[in-house]
Amino acid sequence: MGSFQFSPSRIGGIALLVLSLFGCTVLGIFVLDRLHQRPRTEDAYLSADIVHLAPEVSGRIVSLVVRDNQHVQRGQVLFVIDPEPFEYRVQQAEAQVENLKAQIDVQTNQVSSQLSRAGAEASSVNAARARLSLAQATQARLEPLTRQGFVTRESLDQARTETRSAEAGLQSALQAARSARQAVRSVAPLRAELAAAQAVLKEAQRDLRLTTVRAPCDGIVTDLTIAAGEFATTGHPVFTLIDDEHWWAIANFRETQLSTLEPGQKVKIYAMAKPDQPIHGVIDSLNAGVVPDEGTSAGGLPKVPRTLNWVRIAQRFPVRILLSDPPTRLMRIGATVVVVVMP
Numbered sequence: 108m109g110s111f112q113f114s115p116s117r118i119g120g121i122a123l124l125v126l127s128l129f130g131c132t133v134l135g136i137f138v139l140d141r142l143h144q145r146p147r148t149e150d151a152y153l154s155a156d157i158v159h160l161a162p163e164v165s166g167r168i169v170s171l172v173v174r175d176n177q178h179v180q181r182g183q184v185l186f187v188i189d190p191e192p193f194e195y196r197v198q199q200a201e202a203q204v205e206n207l208k209a210q211i212d213v214q215t216n217q218v219s220s221q222l223s224r225a226g227a228e229a230s231s232v233n234a235a236r237a238r239l240s241l242a243q244a245t246q247a248r249l250e251p252l253t254r255q256g257f258v259t260r261e262s263l264d265q266a267r268t269e270t271r272s273a274e275a276g277l278q279s280a281l282q283a284a285r286s287a288r289q290a291v292r293s294v295a296p297l298r299a300e301l302a303a304a305q306a307v308l309k310e311a312q313r314d315l316r317l318t319t320v321r322a323p324c325d326g327i328v329t330d331l332t333i334a335a336g337e338f339a340t341t342g343h344p345v346f347t348l349i350d351d352e353h354w355w356a357i358a359n360f361r362e363t364q365l366s367t368l369e370p371g372q373k374v375k376i377y378a379m380a381k382p383d384q385p386i387h388g389v390i391d392s393l394n395a396g397v398v399p400d401e402g403t404s405a406g407g408l409p410k411v412p413r414t415l416n417w418v419r420i421a422q423r424f425p426v427r428i429l430l431s432d433p434p435t436r437l438m439r440i441g442a443t444v445v446v447v448v449m450p
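Numbering (the numbering used here), first residue to last: 108 to 450.
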């Protein structure tokens, strides 16, 4: 039986295969190390706050000064609701306030005079009491003298008349004093009515200001389907404003990568529209949970479906990334991006 021998070409092929396998192994280790140091995901998209513009007062739109997809600045006028009914309410409230102020002025003047009278009436009360006391004493002294015949009947009748007159004078003085005190207290209810009327006026003035609707932030108008002349209702959105002041990316990372991520880490983001221009950002937060594919649904949690169902794969969790000075032309809600976490 002849011996089996390797030809030089066969030996060279085996050596090349071994070297290739070794190189692939080294490359795989290098790639895995890089992926561990720089976690990345292509399952990411851009997002921003969405403001549903709804008026705080109802009325007919008399002016619409924006168009769909227009960029607006914070404080810019978006549309105006007919202010005429609200102007009437302000005028009515102002008239009520002025009327109450006039009543208070009149009442205050009366109170001033009543205060002067109150002092005089107090003296009158004291004098009336003294007069009554004297009349009663005189009557008490004359009654036994009349029975003994030392004083005429007419003198006793006169004393009794003086007593009744003194009693009436005292009651009159007491009533005058009470009237003076009541006049002083009558100003307090008017002041309370004035405070309520001033509150109504402030509310009317606020409603008038709210007929002019302004942009709450820098943003982009979208979903504009109304026109001037239509009726706008309180709390019902008339169009949408995309907040252009703050943009972020939502990146879905595998759960095996989450241990290397933490808030504050710097990232680079590449938009599919311009993949050669990096956008810088930082990790803001990691989501605490998602809805699983099986079992009961946890209400309010984001659902991130797995790409494969027939093998056991790692779940993905959303990571919120705040963008730093992103280019406006690339910012679109839902735009696809690639996220790379920097070491």
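Glycine included, C-beta positions come from ideal geometry on N, C-alpha and C.
Tell me where the alpha helix (DSSP H) around Ala311 begins and ends. By 1-based counting over the sequence shown, the position of residue 311 is 204. Unbroken alpha helix (DSSP H) run through Ala311: 294 to 316.
So, with DSSP's three-state summary, where would you put Asp212? As a working mapping, residue 212 is identified with position 105 in the sequence shown. Correct three-state label for Asp212: helix.
Tell me the residue span of the beta strand (DSSP E) that contains Val446. Working through the sequence shown from its first residue, we reach residue 446 at position 339. First-last of the beta strand (DSSP E) with Val446: 443 to 448.
Tell whether a beta-carbon distance below 8 Å holds between Leu317 and Val187. Taking the first residue of the sequence shown as 1, we reach residue 317 at position 210. Taking the first residue of the sequence shown as 1, we reach residue 187 at position 80. No, these two residues do not count as a Cβ contact at 8 Å.
What residue from Pro323, Leu153, Val446, Val345 has the CA that sits closest to Val184's CA? Here residue 184 refers to the residue found at position 77 of the sequence shown. When each option's Cα is compared against that of Val184, the closest is Pro323.
With a threshold of 16 other CB atoms inside 10 Å of the CB of Tyr377, please say whether the residue is buried or exposed. In the sequence shown, residue 377 corresponds to position 270, counting from 1. So Tyr377 counts as buried.
With 16 other CB atoms within 10 Å as the buried threshold, where does Asp212 fall? Looking up residue 212 in the sequence shown gives position 105. It is exposed - the Cβ of Asp212 has fewer than 16 other Cβ atoms within 10 Å.
Could you check how far apart the C-beta atoms of Pro433 and Ile386 are, in whole angstroms? I think they sit under 8 Å. The sequence position of residue 433 within the sequence shown is 326, counting from 1. The sequence position of residue 386 within the sequence shown is 279, counting from 1. Here Pro433 really is in contact with Ile386; their C-beta atoms are around 5 Å apart, less than 8 Å.
N-terminal and C-terminal residue of the beta strand (DSSP E) that Thr340 is part of: Locating residue 340 in the sequence shown gives position 233, counting from the first residue. Element bounds for Thr340: n/a, residue is neither H nor E.
Below 8 Å between beta carbons: does that hold for Arg196 and Asp314? As a working mapping, residue 196 is identified with position 89 in the sequence shown. As a working mapping, residue 314 is identified with position 207 in the sequence shown. Cβ distance < 8 Å, so Arg196 and Asp314 count as in contact.
Exposed or buried, Asp351, counting other C-beta atoms within 10 Å across all chains shown (16 or more means buried)? Reading the sequence shown from its first residue, position 244 is the one you call residue 351. Asp351 comes out buried.
Would you decide whether Leu331 is buried or exposed? Buried here means 16 or more other CB atoms lie within 10 Å of its CB. One-based indexing of the sequence shown puts residue 331 at position 224. Buried, because 16 or more other Cβ atoms sit within 10 Å of the Cβ of Leu331.
From the DSSP secondary-structure annotation, give me the bridge partner or partners of His159. Taking the sequence shown and counting its residues from 1, the one referred to as residue 159 is at position 52. BP columns for His159 point to Thr347.
Three or more beta-carbon pairs under 8 Å between the region 429 to 448 and the region 380 to 398, yes or no? yes
Three Cβ pairs or more, each shorter than 8 Å: is that satisfied between the region 329 to 346 and the region 164 to 177? The region 329 to 346, when compared against the region 164 to 177, does touch it at the 8 Å Cβ threshold.
Please state if the CB of Val448 and the CB of Leu368 are separated by a distance shorter than 8 Å. As a working mapping, residue 368 is identified with position 261 in the sequence shown. As a working mapping, residue 448 is identified with position 341 in the sequence shown. Yes. Within cutoff.
Tell me the residue span of the beta strand (DSSP E) that contains Ser392. As a first step, residue 392 is located in the sequence shown; it is residue number 285 there, counting from the start. Its beta strand (DSSP E) spans residues 381 to 393.
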